[in-house]
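Note sheet for the following structure.
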Amino acid sequence: MSTQTPPDSSFGHEVRVKVPLPIVIPLASIVLIGLLAYGFSQILLNVPKEAATMLAIVMAANVLIACTFIALRKPTDRSVYGELLVVALYPVIVGVAIAQFGFGEEAAEGAHGEHAAAPAGPVTEATLSASSVSFDTDTLTLAAGEDVTVTLDNQDSVPHNLAIYPDDGATDAIFQGANVNGGSTVDYEFAAPEPGEYYFQCDVHPSMNGSVITE
Ligand SMILES: [Cu+2]
0 MSTQTPPDSS FGHEVRVKVP LPIVIPLASI VLIGLLAYGF SQILLNVPKE
50 AATMLAIVMA ANVLIACTFI ALRKPTDRSV YGELLVVALY PVIVGVAIAQ
100 FGFGEEAAEG AHGEHAAAPA GPVTEATLSA SSVSFDTDTL TLAAGEDVTV
150 TLDNQDSVPH NLAIYPDDGA TDAIFQGANV NGGSTVDYEF AAPEPGEYYF
200 QCDVHPSMNG SVITE
């Protein structure tokens, strides 16, 4: 009975270390996975498409190799976890750095030209391609009130046109282009309506449609 006191200090120490771990480990894992996904997505979004695919493959291989390497070692000390942390974190660091400096954005735009420029501001000249009975875009952003030219490149064998309506379901067209035969290209010239969102479709195939945004 009189020897009860000594274990107290070590017992108290053990409790302090063991209790938070079941909470800390999952929480830290969630934060780490979130950071990892964000960082790596920044990398993939900031490099040219071809590089992104390659990078994703290399990164997956890297993770496998690193984990294999670590798994083959005896987990004798904490340096193993340190290594794992470095492997997990460096894409985050690189990704955040890339996002901060906007590195690769110009390269990506240069490599992809029209594709990268698609979400840019309003234009007075736009091209719409039709193939396999579908348009290559579902958004046309035009300069409001300006005389604009929309080129319809019909790569199908069936005719298509471009018609713009106030909204889906409206019957009075704001602009209705003549049908373009398969394999032909036409320039539609019209005044873009006042700022707003409108609806466009091919009247021959109303399932070919999208939004016209003027601003
Ligand atoms: Cu059509």
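Letter by letter, the sequence shown follows residues 0 to 214 in numbering that gives the first Met the number 0. From the three backbone atoms N, C-alpha and C, an ideal C-beta is built for every residue, glycine too.
Any non-hydrogen atom of ligand 1 closer than 7 Å to residue i Cβ
i    : result
A162 : no
A172 : no
A129 : yes
V185 : no
V149 : no
M53  : no
Burial state of residue i (16 or more Cβ within 10 Å)
i    : result
A125 : buried
V211 : buried
I24  : exposed
G109 : Annotation note: pLDDT 45 at G109 (below 50); position unreliable, no value reported.
V57  : exposed
V132 : exposed
V149 : buried
T67  : exposed
G230 : The structure shown does not extend to residue 230, since the chain spans only 0 to 214, so no value can be given for it.
E105 : Since pLDDT at E105 reaches only 49, below the 50 mark, its modelled position is unreliable, and the value read off the structure follows with that caveat. Flag for E105 reads exposed.
T213 : buried
V46  : buried
CB contact below 8 Å: residue i versus chain D
i    : result
V122 : Protein chain content of the structure displayed is limited to a single chain, and chain D is not contained in it.
Among the options, nearest to residue i - alpha-carbon criterion
i    : options                : result
T184 : E82, A55, S130, G144   : S130
G209 : L43, M53, D137         : D137
N160 : T52, P19, A60, S206    : S206
Q200 : E193, A190, T170, T213 : T170
G181 : V147, F174, A191, D152 : D152
L127 : Q41, T213, A143, Q154  : Q154
P165 : G195, P19, I69, A59    : G195
L215 : F174, A143, Y197, V85  : Since the displayed the chain opens at 0 and closes at 214, residue 215 lies outside it and no answer follows.
I163 : P192, V157, V179       : P192
D202 : E188, G33, A172, A190  : A172
Start and end residues, alpha helix (DSSP H) containing residue i
i    : result
S215 : Outside the displayed span of the chain (0 to 214) sits residue 215, for which this structure offers no information.
Where the beta strand (DSSP E) through residue i begins and ends
i    : result
D152 : 146-153
I173 : Neither: I173 is in no beta strand (DSSP E) and is coded neither H nor E.
A125 : 124-130
S206 : Where S206 is concerned, there is no enclosing beta strand (DSSP E), given that its DSSP letter is neither H nor E.
G195 : 195-200
Proximity of residue i and residue j at Cβ, strictly below 8 Å
i    : j    : result
T140 : G168 : no
A143 : V122 : no
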